[in-house]
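See structure below.
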Amino acid sequence: MELSLRLVFMALFTPAACLVSLSRPFWGLLALVAMYYFRPEIWGAPTWFRPQMWLTVAVGLGWIAQAKSLRFSTLMALATFIVAAFFLTAPIAAESSTAAYDGAVVVMKLVIVMLLTLNLVDTPRKMTAFLWTNVLGFVYNLKAVYLAAGSDSLTRSDVGVGQGGGSNYIAMVCAMAFAVAYVRFLHGRRRERRWAVAMMIAYVLAIVVTGSRAGYLSLAAVGGFFVLRSRKKALGFAAMAGVAVLFFLVVPQAHLDRFKQGFGVGAPRDPITGSRGRQDFSAKSRTILWFQGAVPMFREHPLTGVGIDNFPLLSPQYVGFYAGRNFDPYVPGVKKRGFVAHSTWFQLIAEGGVLVSVPFFLLFPIAWAQLARVRRSRSRDPGVELLKEHAFALQGVLLAFVVSSTFGSHLKMDFLWWYLGAVSCVHLMTLDAERRERHRAHQAERERIAASRTAPAGAPVPEPVPV
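In the working numbering, each number is its position in the sequence shown, counted from 1, plus 122.
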């Protein structure tokens, strides 16, 4: 095991954070989010050394010890159903029940973190701290992203960071963090805006050096949405114009060429057929995995799918090549791992069938509708105004995830589930504030009516309180 300052830091910080989590579980949740992006196995440490496992247990125990109520939500109910469906279908997985069971256990752990988020982030100020922790948590990894892009051997930053790794994963994380930083730039206080500008620049540069086409599309989608939907249109447009200028000033021409090749413009020779295709094979392979792999698997197992984590075990038989940079041709009878579907949506219809994919897909329009409902709230509660800002940021986060996940398999990314928990928090806190406001208004109205009945004749009657 490689001894380093970061390993020593993690070895000291993790037990300290676990102790804090037992008495202050919200602070433990923030530590869990921040430490998510540390991967001790890269440094030669054993898997059990991961801080996420220990912090999750400590935060859960701290919450259980202090909890006076249980907050649940529509999104939480759907997530629970998805976990149960994965466990129920694991024994009938098409290739490996063991892989399906292990995958179900992973999703269950992520949904537990979603439940902890839902119950621990219970004030608008805590939501601010939670979102900023997500923005700042990846900062340490930006060093590796920039260094990889500046090396002689790599033209794109494609390194193992966080719990995922690879250029598409990095770009997705950066696009989601950019959404939060942008909204804090629009609505935060002066010092917060300065931090937000710095983070926006840092994350845009990181997206650029990944060369990720999905990342470029995600950034464009998030930027366009914010410009169109922002209530501070002049400031928002100016900020996005600055982001666009920065992007085109620093993006390498090779990355733009590769982006165009994904749409069939200037594509190189196909490494398998030898012909010059309309797309580069990296982009073409995704459509092959979708329509020759995921769709036939779904047709053969429409209700329950082939089982979670079974797609890469089966895909070589369907698409004709194994996983790897050389796309080695499939040999019948040879068991080697294939690619994932490179699409969360296609992989889920193949692995989960209708039973899992439908409730999972419903998570996103329901989450979007709940955030839109928050932004339309007419509550005069000062906390609701802050919640509206957070709802706007979370809409950008969801949009970044949806676009990026069209070209990457991201079902088992922790931050997806805790962001869904955050959506439920924002929605439930807004509903609670509106109920309190209505209750106060009704109480004031009852007092006014009672006063009018007991007041002497000719005495002024208090004006009704507007609801």
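No residue lacks a Cβ here, since even glycine has one placed at the ideal position from N, Cα and C.
### Query
Which residues share a DSSP beta bridge with residue 451?
443
### Range covered by the alpha helix (DSSP H) that runs through residue 561
Annotation: the continuous alpha helix (DSSP H) that includes residue 561 extends over 536-576.
#### Entry: Inter-residue spacing [alpha-carbon to alpha-carbon] between residue 129 and residue 212
36 Å
#### Entry: Inter-residue Cα distance where the pair is residue 418 and residue 291
27 Å
### Task
Name the two residues that bound the continuous alpha helix (DSSP H) containing residue 332.
Where residue 332 is concerned, the enclosing alpha helix (DSSP H) starts and stops at 312-332.
### Boundaries (first-last residue) of the alpha helix (DSSP H) holding residue 493
466-497
### Query
So, do the stretch 531-540 and the stretch 231-248 have three or more beta carbon pairs nearer to each other than 8 Å?
The stretch 531-540 is in contact with the stretch 231-248.
### Query
Does the separation of the CB atoms of residue 431 and residue 221 fall below 7 Å?
yes
### Query
Based on Cα-Cα distance, which residue from 133, 141, 186, 149 lies nearest to residue 161?
133
### Query
So, do the stretch 179-194 and the stretch 139-150 have three or more beta carbon pairs nearer to each other than 8 Å?
yes
### Query
Going by beta carbon distance, what residues of the same chain come within less than 6 Å of residue 152, once the five residues before and after it are set aside?
255
### Query
Ordered along the chain, which non-local residues of its own chain (more than five positions away) have a Cβ less than 7 Å from that of residue 314?
Excluding residues within five positions, the ones whose Cβ falls inside 7 Å are 306.
### Message
Tell me which residues share the same chain as residue 464 and place their Cβ nearer than 7 Å to its Cβ, disregarding the 5 neighbours each side in the sequence.
### Response
408, 411, 529, 530, 531
### Query
Quick one: is residue 456 buried, meaning 16 or more other Cβ sit within 10 Å of its Cβ, or exposed?
exposed
### Message
If contacts are defined as beta-carbon pairs under 8 Å, then residue 193 and residue 240 qualify, I think. What distance do you get, rounded to the angstrom?
### Response
With a Cβ gap of about 5 Å, residue 193 and residue 240 count as contacting.
### Query
For residue 158, which three-state DSSP category applies?
DSSP places residue 158 outside both helix and strand once states are collapsed to three, so it counts as coil.
### Message
Can you find the residues in the same chain that come closer than 7 Å, C-beta to C-beta, to residue 497, ignoring five residues on each side of it along the sequence?
### Response
If you ignore the 5 residues before and after residue 497, its C-beta comes within less than 7 Å of the C-beta of 510, 513, 514, all in its own chain and listed in chain order.
### Message
Helix, strand or coil for residue 276? Go by DSSP, reduced to three states.
### Response
Summary for residue 276: the model assigns pLDDT 45, below 50, so the residue's position carries little reliability; its value from the coordinates is reported in the next sentence. Residue 276: coil per DSSP, three-state reduction.
### Task
Assess, as a yes-or-no matter, whether the stretch 555-574 is touched by the stretch 312-331 under the definition of 3 or more beta carbon pairs within less than 8 Å.
no
### Query
In chain order, which continuous runs of the beta strand (DSSP E) of length 3 or greater are located wholly inside the stretch 345-378?
none
### Query
Rounded to a whole number of angstroms, what is the C-alpha to C-alpha distance between residue 440 and residue 454?
11 Å
#### Entry: Contact check, residue 488 vs residue 196, beta carbons under 7 Å
With respect to the 7 Å criterion, residue 488 and residue 196 are classified as neighbours on the basis of their beta carbons.
### Task
Could you spell out the range, first to last residue, of the alpha helix (DSSP H) harbouring residue 211?
196-211
### residue 318 beta carbon less than 7 Å from that of residue 301
Taking the C-beta atoms as reference points, residue 318 is found no nearer than 7 Å to residue 301.
#### Entry: Contacts around residue 225, its chain only, beta-carbon distance under 6 Å, and the 5 residues preceding and following it disregarded
430, 431
### Message
Using a 10 Å radius around the Cβ and a threshold of 16 neighbouring Cβ atoms, would you call residue 471 buried or exposed?
### Response
Looking at its Cβ environment, which holds 16 or more other Cβ atoms inside 10 Å, residue 471 is buried.
### Query
Could you give the residue range of the alpha helix (DSSP H) that holds residue 306?
Note, residue 306: alpha helix (DSSP H), 289-309.
### Query
So is residue 78 buried or exposed if we call it buried at 16+ other beta carbons inside 10 Å?
There is no way to answer for residue 78, as the model of the chain reaches only from 123 to 589.
### Task
Could you tell me if residue 523 is buried or exposed, where buried requires 16 or more neighbouring beta carbons within 10 angstroms of its beta carbon?
buried
### Query
With burial defined as no fewer than 16 other Cβ atoms inside 10 Å of the residue's Cβ, what is the status of residue 178: buried or exposed?
buried
### Task
Could you tell me the distance, in whole angstroms, from the CA atom of residue 467 to the CA atom of residue 545?
So the two alpha carbons sit approximately 21 Å from each other.
### Query
Taking all protein chains shown into account, do 16 or more other C-beta atoms lie within 10 angstroms of the C-beta of residue 280, making it buried, or fewer, making it exposed?
buried
### Query
How is the alpha helix (DSSP H) around residue 421 delimited, first residue to last?
Annotation: the continuous alpha helix (DSSP H) that includes residue 421 extends over 417-422.
### Message
When you compare the CB positions of residue 358 and residue 348, do they come within less than 7 Å of one another, or not?
### Response
By the CB criterion at 7 Å, residue 358 and residue 348 fall inside the cutoff.
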